[in-house]
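If you're matching positions, the sequence shown starts at 842 in my numbering and goes up one per residue. Report on the structure given below.
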Amino acid sequence: MTTTHIADSHDRIRVRGAREHNLKNVSVDLPKRRLTVFTGVSGSGKSSLVFGTIAAESQRLINETYSAFVQGFMPSQSRPDVDVLEGLTTAIIVDQERMGANPRSTVGTATDVNAMLRIIFSRLGSPRIGSPNAFSFNVASISGAGAVTMEKGGKQVKERRSFEILGGMCPTCEGRGSVSDFALEELYDAELSLAAGALQVPGFSMDGWYGRIFAALLPMDTPIRDFTDEQIHLLLHEEPRKIKADGVNVTYEGLIPRIQKSMLSKDREAMQPHIRAFVDRAIVFRACPECAGTRLNATARSSKISGKSIADVCSMQITDLAEWVRGIEDAGIAPLVEKLVETLDSFVQIGLGYLSLDRPTGTLSGGESQRTKMIRHLGSPITDATYVFDEPSIGLHPHDIQRMNQLLLKLRDKGNTVLVVEHKPEMIAIADHAVDLGPRAGIDGGEICFEGTVAALRASGTLTGTHLDDRAKLKDSVRTSSAALEIRGADRHNLRGIDVDVPLGVLCAVTGVAGSGKSTLIGNYIANRDDVVAVDQGAIKGSRRSNPATYTGLLDPVRTAFAKANGVKPALFSANSEGACPECKGAGIIFTDLGMMATMESVCEVCEGKRFAAAVLEYRFGGKNIAEVLDLSIAQAQQFFSAPETRIPKAAKILDRLVDVGIGYIKLGQPLSTLSGGERQRLKLAIHMLDEADVYVLDEPTTGLHLADVEQLLALLDRLVDAGKSVIVIEHHQAVMAHADWIIDLGPGAGQQGGTIVFEGSPADLVASRATLTGEHLAEYVAA
């Protein structure tokens, strides 16, 4: 291992003996008030060191400064597995996690820009309608009366007074901007009776209690098409009420209110896949007819500044809004206007000027979410903090990466420590200090392979150093297409009536700066077609109890094989069911509540972390018990379940795909919560590859991939195309562009400056013409 001595031992973050996840007793010194980049293959331990150890301990120590009472309301955090952590400062984490799909959260509310606008409109709007809350779509208008106790003539007198709280919420959509309609044909088959299985709502089986409850009020053998209006109302809309079913008091509720409470109240990403699929089919959302999607009531929309309401300005592109705000001249609120302009300029500076404030945060990509979180920090006067970034290049066109580099350096130059986990050479190049982890991933990673300058990293001989100057070459020949998916008149969001033919049977890259319309074009006009499998950037939400074996469905045929070989029930081989260790309930870990202190975790002494009851571990398949199988790496399991005596075809097929996407080193039973972002996305890609589709749409599949892994991804895409599939990739990585057969480039800019096709053709033609921003950067890349 190569190291560079840091002269001032008091000017560093000192880590000794870090063992979180796969870290192998790692020790490292990180210079403060410098920009340090952490490199290495996905799963090498970068996030475990930066986020799971350094940032986690900083946040835990800050939480301990609060009173025990306050800590009781905060999430409990255990101390990372590390011997020594010295020199920590306040950690500010800017990660890839999306900002959530709360329908009430928008770009404006998430960044406090809406709050500033509400104050400005409450002061300057005409007509004057009240306080800032009168312009908030999250505050309802309430009026009523109540008793008020007052002193009159030395006596306490109660008087009844009327009151009114003026909010801006549209009463029809309750500030959501949209209303939902139910597609009744997705709820039931009108040709069938309830007893014959007419209901198509997940969980509503007539074999259990639901059948008895419906039978108490509705005819079970009559086709639903023959129901009376009253019976249809009972089936669909009846509010909760007590009834007797088979002599038992139960609550009856119509299908629609039941679905609204049990399904629509949940975050879409938290739904089980079959529930999410049903909701997507059965619920149709449309703009609220009362507020036209603005979320605001008529009173809030009536107050204007220079002819524009707050709804008008929130729908403007932020670049245009910044200019509009600069035109506000009022000495009384000048400091607020100045702060608002500064914040809006930060959006533009960070490459998000194409957004509007009314854009729901749930529609932002991972990269857009990360940059939006940066907004509140760019103008912060705080110094000597530790800023932690997780691949800030995600979602950025090469043209935008230089701008992001300037922002990171600006944070450093204010006297902050900046820690960046990154794969892109353009971002690695600006670091003052580099730490390379590896040498490989999972159990083969977790070590410091290099520590020093970027120049020294290039010459270090590590996997990262070897590939740091990799450049792809244009292919000598490209595949030709004989068919295409036609798009005509595409005009969603910023698209300007685009007509384009997306070629089939080839590798097609869709490129352009962030906000140019790539995802809108492909997501709305291609990804939702029949026989198209789309792999987006949506995160896999995993707990300690979920792992690659459960997530992929691999464990189902494995449990069946164990049960058949031993003449017992499959449920015994589930740590979340009958086979669970009785002491830890299948968690493998015992959690001890220490009150005001952090909850302590310790390995279960009964099952020794294996999660299964001792009797279950006596049963074997191919000489291994179920815990030993789950302890296999994916590559080892591929060999095990492909061998003649232990072959399980369905399991082997799943494992082949997992190895194809480059995560063969991960263990079958490894909790999903311990996987890196890149590992989770490749796990998701492998699952979608199991679907027998003709067209695959991939949204930035290089996310989280090390330079050395990009070549493996390209080989995988080639195998798909050579097998007769069509692959459409939304990408910023020049190596993928260079390897494509056809490129569709959108632009020329973002937002209102985007939304048109600026190039269609082969990568060689794009390089030769240099006619677009993408062409310029691709030409520089392949020539370097």
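All C-beta atoms in this analysis are idealised placements derived from N, C-alpha and C, irrespective of residue type, glycine included. Computed from a predicted structure; not experimentally measured.
Under the three-state reduction of DSSP, which class applies to ASN1365: helix, strand or coil? helix
For LEU1524 and SER1034, the rounded distance between their alpha carbons: Going from the Cα of SER1034 to the Cα of LEU1524 covers about 42 Å.
How about LEU1509 and LEU1473: are their beta carbons less than 8 Å apart? LEU1473 is positioned such that its CB atom lies closer than 8 Å to that of LEU1509.
Since GLN805 sits in a beta bridge, which residues does DSSP pair it with? For the chain, the structure presents residues 842 to 1625; residue 805 sits outside this window and is missing.
Just mark LYS1251 as buried or exposed, buried being the case when its beta carbon has 16 or more other beta carbons within 10 Å. exposed
Alpha carbons only, please: which of ILE1339, GLY1346, ASP1310, ASP1340 is nearest the one belonging to ARG1320? GLY1346
Less than 6 Å between C-beta atoms, sequence neighbours within five positions excluded: which residues of the same chain meet that for PHE885? The sequence as given places Ser at residue 885; Phe does not occur at that position. Correct list, in chain order: LEU1278, GLY1279, ALA1282, GLY1286.
If you compare alpha carbons, which of VAL1623, ALA1624, GLU1601 is closest to THR1613? Here the closest residue by C-alpha is GLU1601.
List the DSSP bridge partners of ILE1430. In the DSSP output, where bridge partners are listed per residue, ILE1430 has VAL1444.
Based on DSSP bridge pairs, tell me the residues matched to PHE1462. Looking at the DSSP assignment, PHE1462 forms a beta bridge with LYS1465.
Out of GLY858, THR1227, ILE1269, GLU1080, which has the shortest C-alpha to C-alpha gap to MET1245? ILE1269
Could you tell me which residues DSSP pairs with ARG853 in its beta bridges? PRO872
Work out the CA separation of LEU876 and ASP1273 for me, nearest whole Å. 5 Å
Same chain, Cβ closer than 6 Å to TYR1051, neighbours up to 5 away in sequence not counted: PHE1045
Member of ILE1569, THR1515, VAL1577, LYS1566 whose CA lies at the smallest distance from the CA of THR1543: VAL1577
DSSP puts TRP1583 in a beta bridge; with which residues? CYS1349, per the DSSP bridge assignment.
Rounded to the nearest angstrom, what separates LYS1491 and ALA951 at their Cα positions? 45 Å
C-alpha distance - ARG1498 paired with LEU1181, whole-angstrom precision: 50 Å
State the beta-bridge partners of LEU1260 as determined by DSSP. THR877, VAL1229.
Distance check for ASP1372 and VAL1536, CA to CA, integer angstroms please. 7 Å
Segments of 3+ residues assigned as beta strand (DSSP E) that fall wholly inside the segment 1293-1328: none
Within this structure, are the beta carbons of ALA1141 and GLY1134 separated by less than 8 Å? no
So what does DSSP say about LYS1149, is it helix, strand or coil? strand
At 3 residues or longer, what runs of the beta strand (DSSP E) sit wholly inside the segment 960-1010? 983-993, 996-1006
For ILE1571, the residue or residues it bridges with in DSSP: VAL1351, ASP1540
Taking 8 Å as the threshold (C-beta atoms), are HIS1115 and GLY1095 in contact? no
Assess, as a yes-or-no matter, whether the segment 990-1008 is touched by the segment 918-934 under the definition of 3 or more beta carbon pairs within less than 8 Å. no
Does the segment 1253-1262 touch the segment 1286-1303, meaning 3 or more C-beta pairs lie closer than 8 Å? no
Under 8 Å, do GLY1596 and GLY1208 count as touching if we go by C-beta distance? no
Report the residue ranges of all alpha helix (DSSP H) runs contained in full by the segment 1489-1536; include only those spanning at least 4 residues, in chain order. 1490-1501, 1518-1530
Identify, in the order they occur along the chain, each residue of the same chain with its Cβ nearer than 6 Å to the Cβ of PHE1055, setting aside the five sequence neighbours on each side. LEU1035
Count the CB pairs spanning the segment 856-869 and the segment 1192-1209 that are closer than 8 Å, and state whether there are at least three. By the Cβ criterion, the segment 856-869 is not in contact with the segment 1192-1209, since fewer than three pairs of Cβ atoms, one from each stretch, lie closer than 8 Å.
Can you give the beta carbon distance from ASN1365 to GLN1511, rounded, assuming they're within the 8 Å contact cut? The Cβ separation is near 36 Å, so there is no contact.
Taking the DSSP output, what are the residues bridged to SER1387? BP columns for SER1387 are empty, so no partner.
Spatial neighbours of ASP1171 within its chain, please: CB distance less than 8 Å, with the 5 preceding and 5 following residues excluded, ordered by chain position. Its chain contains ARG964, LEU965, VAL1178 as the residues whose beta carbon lies nearer than 8 Å to that of ASP1171, once the 5 sequence neighbours on both sides are disregarded; these appear in chain order.
Cα-Cα, which of PHE1126, ALA1057, ASP1070 is closest to TYR1093? Nearest of PHE1126, ALA1057, ASP1070 to TYR1093, Cα basis: ALA1057.
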